[in-house]
């Protein structure tokens with residue numbers, strides 16, 4: 001394991017420019033970008049107060065869904081400061 005494994009969180013907040021329909025092709029203009037496609041669970045909540053109880057947090061859940069996460073590995077590696085496999 002790299003030393004950063006013990007200090008850098010493995011979670012990050014990402015954003016997207018657009019959403020694709022379930023049957024849309026995934027555009028990849030350059031295969032060197034390293035397409036990564038994986039399933040993730042998303043939990044959509046209402047406002048959740050800091051320091052709330054587990055029960056209060058559970059009441060704020062509005063939607064649980066399965067989503068596809070499409071990332072470009074070489075761009076992600078640079079942004080997250082991890083060595084690229086490419």
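In the UniProt record's numbering, the protein residues as written are 1 to 86. Every residue gets a Cβ at the ideal spot worked out from N, C-alpha and C, and that includes glycine.
- With respect to the beta strand (DSSP E) encompassing residue 67, which residues constitute its N-terminal and C-terminal limits? Segment 61-72, the beta strand (DSSP E) holding residue 67.
- Query: Under 8 Å, do residue 112 and residue 57 count as touching if we go by C-beta distance?
  - Reply: Residue 112 lies beyond the residue range present for the chain, which begins at 1 and ends at 86; the question has no answer from this structure.
- Item | Sequence-distant residues of its chain with Cβ nearer than 6 Å to residue 37 (five each side left out) | Answer for residue 37: 70, listed in chain order.
- State yes or no: is the C-beta of residue 68 within less than 8 Å of the C-beta of residue 39? In this structure, the beta-carbon distance from residue 68 to residue 39 falls below 8 Å.
- For residue 48, which three-state DSSP category applies? Coil at residue 48, not helix or strand.
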